[in-house]
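**Q**
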Amino acid sequence: MDKKLMTIDLNSRILLEKAEKDGVETMYDRKIAMKSQCGFGLQGGCCRICGMGPCRITPKTPRGLCGADVHTIVGRNFARMCAGGTAAHSDHARDIAHTMALTSREGNYKIREEEKLIELAKDWGIETEGKDIYDIAHEAADVALMEFGKPYGTSIFLKNAPAKRQEIWKKLDIEPRAIDREIATVMHSTHIGCCADIDSLINLSLRTSMADGWQGSMIGTKFSDIMFGTPTPQQTEANLGVLEANQVNIILHGHEPSLSEMIVLATEDPELVALAKEMGAEGINISGMCCIGNEITMRHGIKIAGDFHQQELALVTGAVEAMIVDVQCIFPALSRVADCYHTKFITTSKKAKITGSIYMEFKEENAYQDALQIVREAVLNFKNRDKSRVLIPELKSSATVGYSVDAIIKQLDRVVNVEIDKQGTIKPLVDVIKSGTIRGVVGVVGCNNARVASNLAHTTIMKELIKNDILVITTGCGASAAAKFGLMKKSAAKKYAGKGLATVCELVDIPPVLHMGSCVDCSRILDVASAIANFVDMDISDLPLAGVAPEWMSEKAVAIGTYIVASGIDTYLGVMPPVGGSSRAVEILCGELEDQVGASFTVNENPEELAALIIADIEKKRVHFEK
Ligand code: BF8
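Sequential numbering from 617 applies to the sequence shown in the working numbering.
Structure follows, in structure tokens:
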């Protein structure tokens, strides 16, 4: 296998060559060395839930030692993936809620969006009249934290969904109660000797994932916007070409904005900027990777260094003084790669310590001081850079990012006839979809996966969709791919979009692919879908919408896909999840869910074919929507 064909990113290809010369092993080498992967694992048919196993299901041994059949084993594994993803997103949100509890006028974390907080507080039944904004913030934090473990009731956000959707959830008993409870229920039900019924296991998977989308992720996004600002359109650049030869390069990688916001602030500290100059650098250049990259580019226009598959390659440039990480999607391999260069690989969270890294704990209580110390460590490291080992590839693309729901509505207000219609509503978007100028809206989300060429499926599918007048909204590493490959340039509309979409983009001054944020921000997709459905008094499943995860790989992506389906949006995957071993699991996930929740999964590993399926299904949905 030619390593360079495993990615379509030309910067990555250049750096793979350099890695080979430098004797550095990357994920691409490990993928080749691994040759074939475990067939039982790929099919989901290996059970290692108890100590009698692992039990592997074959035609000769169709049951595990306890008698569990392949459907039970696959169902349990799938449910645990959903629980893992829900735990990751929601624990991120829990930390954000604790940060909200720390906000104060004098402290590091402040309230940037007072109106938004008051609106949310009112919605949650918090008294706001005559109260200090910080008292309201602390009460809202308490309410949010109760969502994790409240003993009674269901998610506080469900009432925002269309009434028909709420009825479906109630009937199927998939309204999430408390976030931790749903995760615990799945862990309990999938313990040896508990649930052994595939239909129930999938039903539990839906409810747990709903706790991700309609509870944890919503808290994460809404509180982040209130504290750090609701994203607005920003100009930025993306890909490893954003690293600077003459500056201290700091890459932030991970997920939680409470760390990244403070680091961004610390890089502007005059003493640290002066120190950088003392070290011989022209300044400090900060960029982001993975979802932290999405968070800081959406709010500050900070450059995107790259995506999940480029984390090792960023260090191979030899130009990175520090890779600062918090939680999720961080390769443990980074410590070995950093050892080959001068880079300091700095871990900051007790939840994600990595052997071989430098551990500098970041505590929200001491946020700015901790951030200053971490950045100082990076700046001091500039003197250790070996210029003869530096190779910064040139490629980078400009991009316009920062399309929160508010930002999209604001852009669309440009076409509102103020004498007839109110500004600040979803109506213009509904109008252009109803008229057919835009055929539909598709969320392209998720990761890079070594089982397919990095970035190929993302870019192929996005180009096909916009060519067919479908507006693309994107989050996570899908968003990074779009930014790197020029699809978030406003000029991309003329170059790639169909006539209808190109006209709308030009009229309202947006690119054809809209950057909606990090993976937690898939909750924004639920907000848009609900707003449209409520406006036209339909259910979400009646709308020409779809979700696609062309290169997904994480448990978080499984939870996202599952709550998107449970919300009534058909979801398309470019990589088969480990459920193929159970014909029943496939029947339910890719078929019967349609009858239950009005949406299901479709899997096709050929990106062109997957795009064609999405386009055809969007057109089918239009028939009902246009009536
Ligand atoms: O949460 S898209 S590789 S970075 S899991 Fe990870 Fe996947 Fe990237 Fe953010 Ni999302």
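All C-beta atoms, glycine included, are put in the ideal place defined by N, C-alpha and C.
Under the assumption that MET1078 contacts VAL1057 (Cβ atoms under 8 Å), give the Cβ distance between them as a whole number of angstroms.
**A** Not a contact, Cβ separation roughly 13 Å.
**Q** Taking only three categories from DSSP, how would you classify PHE1241?
**A** Correct three-state label for PHE1241: helix.
**Q** For CYS654, which residues in the same chain have their Cβ closer than 8 Å to its Cβ, ignoring the five residues on either side in sequence?
**A** Excluding positions up to five away in sequence, the list reads CYS662.
**Q** Is the beta carbon of VAL941 within less than 8 Å of some heavy atom of the ligand BF8?
**A** Because no heavy atom of the ligand BF8 lies under 8 Å away, the Cβ of VAL941 does not count as near it: no.
**Q** On the three-pair Cβ rule with 8 Å, is the segment 1203–1222 touching the segment 1188–1195?
**A** Yes, the segment 1203–1222 is in contact with the segment 1188–1195.
**Q** My parser needs the alpha helix (DSSP H) runs of 4 or more residues fully inside the segment 918–1004; what are they?
**A** Segments of the alpha helix (DSSP H) lying fully in the segment 918–1004: 927–932, 950–955, 983–996.
**Q** When the Cα of PHE764 is compared with those of PRO792, HIS925, ASN1150, ALA1149, which residue comes out closest?
**A** Measuring from the Cα of PHE764, the nearest candidate turns out to be PRO792.
**Q** What number of angstroms, rounded off, separates the C-alpha of LYS1237 from the C-alpha of ASP685?
**A** Looking at the two C-alpha atoms, the distance is approximately 37 Å.
**Q** Taking only heavy atoms of the ligand BF8 into account, decide whether any of them is closer than 8 Å to the Cβ of SER1170.
**A** SER1170: yes, Cβ under 8 Å from the ligand BF8.
**Q** Among ILE799, GLU641, ASP1211, LYS1243, whose alpha-carbon lies nearest the alpha-carbon of LEU788?
**A** That would be ASP1211, whose Cα lies nearest to the Cα of LEU788.
**Q** Going by other Cβ atoms of all chains shown within 10 Å of its Cβ, with 16 needed for buried, is ARG679 buried or exposed?
**A** Exposed: under 16 other Cβ atoms inside 10 Å.
**Q** Runs of 3 residues minimum, wholly inside the segment 997–1058: which ones carry the beta strand (DSSP E) assignment?
**A** The qualifying runs are 1013–1017.
**Q** Is it true that the CB of TYR1112 sits closer than 9 Å to the CB of TRP830?
**A** Result no, Cβ atoms of TRP830 and TYR1112 do not sit closer than 9 Å.
**Q** Measure the Cβ-Cβ separation of ALA949 and GLU928 and say whether it is below 9 Å.
**A** Their beta carbons are under 9 Å apart, which means ALA949 touches GLU928 by this criterion.
**Q** Name the DSSP beta bridge partners of GLU853, please?
**A** DSSP, once it has assigned bridges, lists SER1014 as partnering GLU853.
**Q** May I have the straight-line CA-CA distance separating LYS620 from VAL932, to the nearest angstrom?
**A** Approximately 15 Å, taken between the alpha carbons.
**Q** Give the range of the alpha helix (DSSP H) segment to which HIS687 is assigned.
**A** Where HIS687 is concerned, the enclosing alpha helix (DSSP H) stretches over 686–718.
**Q** Just to confirm, are VAL1120 and ILE1024 a CB contact at a threshold of 9 Å?
**A** No; because the gap between Cβ atoms is not below 9 Å, this pair is not in contact.
**Q** Given a cut-off of 9 Å, decide if ASP828 and ILE1176 are closer than it, judged by their beta-carbon atoms.
**A** A contact, by the Cβ cut-off of 9 Å.
**Q** Quick check on the burial criterion: 16 or more other C-beta atoms within 10 angstroms. Buried or exposed for ASN1033?
**A** Under this definition ASN1033 is an exposed residue.
**Q** One question on the structure: do THR837 and SER1139 come within less than 9 Å of each other, judged by their Cβ atoms?
**A** Result yes, Cβ atoms of THR837 and SER1139 sit closer than 9 Å.
**Q** For GLU636, decide whether its Cβ has a neighbour in chain D, counting only Cβ atoms nearer than 9 Å.
**A** Given the protein chain composition of this structure (a single chain), no chain D is represented.
**Q** Just reading off the alpha helix (DSSP H) that LEU1117 is part of, what are its end residues?
**A** LEU1117 -> alpha helix (DSSP H) spans 1115–1124.
**Q** Does at least one heavy atom of the ligand BF8 sit under 8 Å from the Cβ of HIS1131?
**A** False, no ligand heavy atom lies under 8 Å from that Cβ.
**Q** Give the single residue among THR674, ARG672, LEU822 whose Cα lies nearest to the Cα of PHE694.
**A** Nearest C-alpha to PHE694: LEU822.
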